[in-house]
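Heads up, the thing below is written out as structure tokens.
In my numbering, the protein residues as written are 1 to 322.
Printed below as a string of structure tokens:
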């Protein structure tokens with residue numbers, strides 16, 4: 001299996017918070033990048049616009065000085081107070097225009113950073129109660145807004161990250177199928193999907209099937225990786241809960257020819273971020289090592305025979321448990 005490049009979302013190298021507590025000091029941008037550079041096997045960082053791009057040239061220099069590439073620009077159209085009731089789905093033209101401006105600016109920055117890839121998770125777009133929004137109008141605005149942004153420049157890929165809920169009780173983009181439908185409705189080749197393995201898990205998807213679906217449509221642009229209990233977006237270390245789903249994920253990424261970054265979307269919270277992200281890197285390596293040990297032809301033959309039990313036996317033997 002070819003080595004896949006590893007990156008982290010830069011914000012996780014700094015201060016985080018949940019509904020109850022604040023974790024870690026408020027590290028500066030320079031400190032966050034310096035900390036990221038200490039993570040095992042890292043070669044890139046996903047950087048958030050607008051928060052981490054006050055000075056684009058300085059951000060680029062800091063990454064370069066630490067031997068890191070910008071893997072993607074994550075455009076945040078949920079955190080600004082203006083987006084508290086939605087961004088692209090908002091009935092307020094000025095709010096929608098602001099979100100589209102963010103996306104277009106992020107696309108321009110991605111070219112300066114050398115990645116030509118923007119990822120966006122529009123978590124403020126959705127609803128919390130019945131009768132809260134006009135779904136037909138909200139959906140139309142959502143499609144039109146992303147289409148306008150994607151039309152800004154054909155040399156930049158715009159990747160949509162889906163998630164069932166949070167910050168809204170119901171998001172407008174909850175599943176891989178809905179993300180693929182958006183791609184079809186927009187109808188532009190530079191629009192694709194970011195699969196977050198944790199979002200797929202608690203959407204009750206099989207991440208490998210989501211990978212197959214998006215790759216079949218030529219829309220698999222980016223992978224975010226983490227793990228959870230399928231009940232919430234806990235952002236745990238990949239493979240720490242759903243080990244065989246994780247191994248299967250890497251098997252299918254190899255099958256579909258995905259060769260871009262695996263981006264750690266793991267929240268360190270109470271733990272040291274450098275150690276947590278390094279644990280993610282080791283989890284990638286362990287799953288790859290396991291797949292390298294087993295007879296791939298035999299594994300695929302068992303899959304084609306629908307013989308999951310024999311496939312497990314093969315994998316357990318590869319782990320030295322027999």
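Ideal Cβ positions, reconstructed from N, Cα and C, are used throughout, including at glycine.
Note that the coordinates shown come from a computational prediction; the quantities given were computed from them, not determined experimentally.
**Item:** Span of the alpha helix (DSSP H) around residue 107
**Value:** Numbered from 1 along the chain shown, position 107 holds the residue referred to as residue 107. Its alpha helix (DSSP H) spans residues 93–113.
**Request:** For the alpha helix (DSSP H) holding residue 159, just list the boundary residues, first then last.
**Result:** Reading the chain shown from its first residue, position 159 is the one you call residue 159. Note, residue 159: premise wrong, no alpha helix (DSSP H); beta strand (DSSP E) at 157–161.
**Asked** Since residue 356 sits in a beta bridge, which residues does DSSP pair it with?
**Response** The structure shown has nothing for residue 356, since the chain only spans 1 to 322.
**Prompt:** Hey, how far is the Cα of residue 119 from the Cα of residue 58?
**Reply:** The sequence position of residue 119 within the chain shown is 119, counting from 1. The sequence position of residue 58 within the chain shown is 58, counting from 1. Going by the C-alpha atoms only, they are around 21 Å apart.
**Prompt:** What first and last residue would you give for the beta strand (DSSP E) that runs through residue 223?
**Reply:** For the purposes of this step, residue 223 is taken as the residue at position 223 of the chain shown. It spans 220–225 - the beta strand (DSSP E) in which residue 223 sits, taken as one unbroken run.
**Message:** Quick check on this structure: which residue in 172, 124, 152, 237 has the alpha carbon closest to the alpha carbon of residue 189?
**Reply:** The sequence position of residue 189 within the chain shown is 189, counting from 1. The residue with the shortest Cα to Cα distance from residue 189 is 152.
**Message:** Less than 8 Å between the beta carbons of residue 203 and residue 250, yes or no?
**Reply:** Position 203 of the chain shown holds residue 203. Position 250 of the chain shown holds residue 250. No, the pair does not count as a contact, with Cβ atoms beyond the cut-off.
**Message:** Checking 8 Å against the spacing of the C-beta atoms, do residue 161 and residue 125 come in under that value?
**Reply:** Position 161 of the chain shown holds residue 161. Position 125 of the chain shown holds residue 125. No, they are not a contact pair.
**Request:** With DSSP collapsed to three states, give me the class of residue 36.
**Result:** On the chain shown, position 36 is the one that residue 36 refers to. Note: residue 36 maps to helix in three-state DSSP.
**Prompt:** Can you list, in chain order, the stretches of the alpha helix (DSSP H) that have 4 or more residues and sit fully within the segment 9–68?
**Reply:** Runs of the alpha helix (DSSP H) inside the segment 9–68: 29–36, 56–65.
**Request:** Would you mind stating whether residue 219 and residue 271 have Cβ atoms separated by less than 8 Å?
**Result:** Numbered from 1 along the chain shown, position 219 holds the residue referred to as residue 219. Numbered from 1 along the chain shown, position 271 holds the residue referred to as residue 271. Their beta carbons are not under 8 Å apart, which means residue 219 does not touch residue 271 by this criterion.
**Item:** First and last residue of the uninterrupted beta strand (DSSP E) at residue 167
**Value:** Here the question's residue 167 lines up with position 167 in the chain shown. Segment: none, residue 167 is in no beta strand (DSSP E) and carries neither H nor E.
**Item:** Boundaries of the beta strand (DSSP E) in which residue 195 is found, first to last residue
**Value:** For the purposes of this step, residue 195 is identified with residue 195 of the chain shown, where counting begins at 1. From DSSP, the beta strand (DSSP E) with residue 195 extends over 191–196.
**Item:** Continuous beta strand (DSSP E) stretch holding residue 264: start and end
**Value:** What you label residue 264 is simply residue 264 of the chain shown in a count that begins at 1. Its beta strand (DSSP E) spans residues 262–264.
**Request:** Please list, in chain order, all residues of the same chain as residue 312 whose beta carbon is under 8 Å from its beta carbon, the five residues on each side excluded.
**Result:** Locating residue 312 in the chain shown gives position 312, counting from the first residue. The answer, listed in chain order, is 244.
**Message:** Less than 8 Å between the C-beta atoms of residue 237 and residue 208, yes or no?
**Reply:** The sequence position of residue 237 within the chain shown is 237, counting from 1. The sequence position of residue 208 within the chain shown is 208, counting from 1. No, these two residues do not count as a Cβ contact at 8 Å.
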